[in-house]
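J.: All letters in the sequence shown, in the order written, are residues 21 to 308 by our numbering.
Glycine residues also receive a C-beta, built at the ideal position from the N, C-alpha and C atoms.
For clarity, every value in this text was computed on a predicted model and none was experimentally measured.
What follows is a single structure, and I will ask about it in a moment.
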Amino acid sequence: MSIHPLALVSPRAEIDSGVEIGPFCIIEDDTRIGPGCILENRVTIKSGVTLGPNNRVCEGAVLGGFPQHVHWSEAPGRVVVGANNTIRENVTVHRPLKPDRQTVIGDHNLLMVGAHVAHDCTIGNHCIITNNVLLAGHVTVADRAYLSGAAAVHQFCRIGTLAMVGGQAHITRDVPPYVTIDGLSSLVVGINQVGLRRAGYSTVQVAQLKAAYRVIYRSGLPWREILEVLRSEFADGPAAEYLPFLEATTRGIVTERRGPPQATIKLRVEADAEGETAARPELRVKCA
């Protein structure tokens, strides 16, 4: 164990062997820090936080702050962080509203600079939460999801497995598994093919996910019939994850962005023999 002399560590904190604590860190009462954790300079671990093994927490991060809620309790729940996470500079993670609840960060996650995880959130495993992402209260992020810079997620929303959310997107509904959200429109623009390939999904599995995607977003079927098709035709493989996710939604799912029905294309104007140009009408064409 290595604790810098300029760190302030409560004698009632439970600190395992092999922990490194840098200068100006503050470790409060009722905290548990597992073996192999590294706390860089100016890290604050507040009461009610449990860190599993081999986590690295970088400068200025604050874990275990009280929930930002007008009805927060003087006895909130705990923040539980799993193993092998990297929590970069100035990340904030807040405790849940009620004493019997947990704010959970799983294993092998990367939370980049300035990300905020609010009260009662749950983050799975192998997720990447990039710079300045904002997760409001009660948000769930499933395994291997990727949230790009400055994306903001409304309270009680869910981000599905291997979903990719574009930068500056504002998410107010559930994001189904395996889809990509365009940051500009905040709408679904297809399957997350890059993420699927990197995760080792086969061509057959990706084809199955595309087929299920077309049922959800392109079939035009009523919601109940979509669920029935998913139940009968996609009971196995990765696409089987769609049905329970859609059945559990309370906020609805993010809709698909489709091309506009019409677009205006300005034609190039050619100069005449005397070097003058004539006005040409715009051509309106329908996009496929």
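On the DSSP bridge list, what partners appear for G276?
T.: Numbered from 1 along the sequence shown, position 256 holds the residue referred to as residue 276. Looking at the sequence provided, one finds Glu at residue 276 rather than Gly. E276 is bridged to V208.
J.: Between N110, G85 and I53, which lies nearest to A103 when the distance is taken from Cα to Cα?
T.: Residue mapping note: residue 103 aligns to position 83 of the sequence shown, counting from 1. Selected option, being the one with the closest Cα: I53.
J.: Can you give me the C-alpha to C-alpha distance between G257 and V214, rounded to a whole angstrom?
T.: As a first step, residue 257 is located in the sequence shown; it is residue number 237 there, counting from the start. As a first step, residue 214 is located in the sequence shown; it is residue number 194 there, counting from the start. The alpha-carbon atoms of G257 and V214 are separated by roughly 19 Å.
J.: Check whether the Cβ atoms of R121 and G144 lie closer than 9 Å to each other.
T.: Residue 121 sits at position 101 when you count from the first residue of the sequence shown. Residue 144 sits at position 124 when you count from the first residue of the sequence shown. Against a cut-off of 9 Å, the Cβ pair of G144 and R121 comes out as no contact.
J.: Could you please give me the residues that DSSP links to Y262 through a beta bridge?
T.: Working through the sequence shown from its first residue, we reach residue 262 at position 242. According to DSSP, which records beta bridges pairwise, Y262 is partnered with nothing at all.
J.: For the alpha helix (DSSP H) holding Q228, just list the boundary residues, first then last.
T.: Position 208 of the sequence shown, counted from the first residue, corresponds to residue 228. Per DSSP, Q228 belongs to the alpha helix (DSSP H) from T223 to Y237.
J.: To the nearest angstrom, how far is the alpha carbon of I273 from that of G68?
T.: For this step, residue 273 is matched to residue 253 along the sequence shown. For this step, residue 68 is matched to residue 48 along the sequence shown. Rounded to the nearest angstrom, the two C-alpha atoms are 34 Å apart.
J.: Compute the Euclidean distance between the alpha carbons of S222 and S252, then round it to the nearest angstrom.
T.: Looking up residue 222 in the sequence shown gives position 202. Looking up residue 252 in the sequence shown gives position 232. So the two alpha carbons sit approximately 22 Å from each other.
J.: Does the segment 240-248 come close enough to the segment 197-207 that 3 or more CB-CB pairs lie under 8 Å?
T.: no
J.: Straight-line CA distance for I47 to I35?
T.: Your numbering for residue 47 matches position 27 in the sequence shown. Your numbering for residue 35 matches position 15 in the sequence shown. Whole-angstrom Cα-Cα distance: 10 Å.
J.: Near S22, which residues of its chain fall below 8 Å by C-beta distance, leaving aside the five closest residues on each side in sequence?
T.: Numbered from 1 along the sequence shown, position 2 holds the residue referred to as residue 22. Here the set comprises V39, E40 and I41.
J.: Using CA atoms only, rank isn't needed, just tell me which of S93, N105 and H128 is closest to P119.
T.: Here the question's residue 119 lines up with position 99 in the sequence shown. Here the closest residue by C-alpha is S93.
J.: What are the boundary residues of the alpha helix (DSSP H) that R218 is part of?
T.: Translated into positions along the sequence shown, residue 218 becomes position 198. It spans Q213 to R218 - the alpha helix (DSSP H) in which R218 sits, taken as one unbroken run.
J.: Could you pull out every residue in the same chain whose Cβ sits closer than 6 Å to the Cβ of V226, ignoring the five residues on either side in sequence?
T.: Walking along the sequence shown from the start, residue 226 turns up at place 206. Closer than 6 Å at the Cβ level, and outside the excluded window around V226, lie L216.
J.: If you follow the beta strand (DSSP E) that V82 is part of, which residue opens it and which one closes it?
T.: Walking along the sequence shown from the start, residue 82 turns up at place 62. Taken as a continuous stretch (DSSP letters only), the beta strand (DSSP E) holding V82 covers V82 to G85.
J.: Residues in its own chain within less than 6 Å of Q175 by CB, not counting five upstream and five downstream?
T.: Counted from its first residue, the sequence shown places residue 175 at position 155. Only A156, G157 and H158 meet the Cβ criterion.
J.: In chain order, what residues of the same chain lie with their CB nearer than 7 Å to the CB of N212, ignoring the 5 residues before and after it?
T.: Against the sequence shown, residue 212 aligns to sequence position 192. Taken in chain order, the residues that qualify are L182, A183, M184, Y198, V199 and T200.
J.: What number of angstroms, rounded off, separates the C-alpha of S206 from the C-alpha of R278?
T.: Your numbering for residue 206 matches position 186 in the sequence shown. Your numbering for residue 278 matches position 258 in the sequence shown. Each residue's Cα considered, the two are about 12 Å apart.
J.: Of the choices C141, T106, T112 and M132, whose alpha-carbon is the least far from that of T123?
T.: To locate residue 123, count along the sequence shown from 1; it is residue 103. Minimum Cα distance to T123 is reached at C141.
J.: Hey, would you say A171 sits closer than 9 Å to I191, going by beta carbons?
T.: As a position in the sequence shown, residue 171 is number 151, starting the count at 1. As a position in the sequence shown, residue 191 is number 171, starting the count at 1. The criterion of a C-beta distance shorter than 9 Å is satisfied by A171 and I191.
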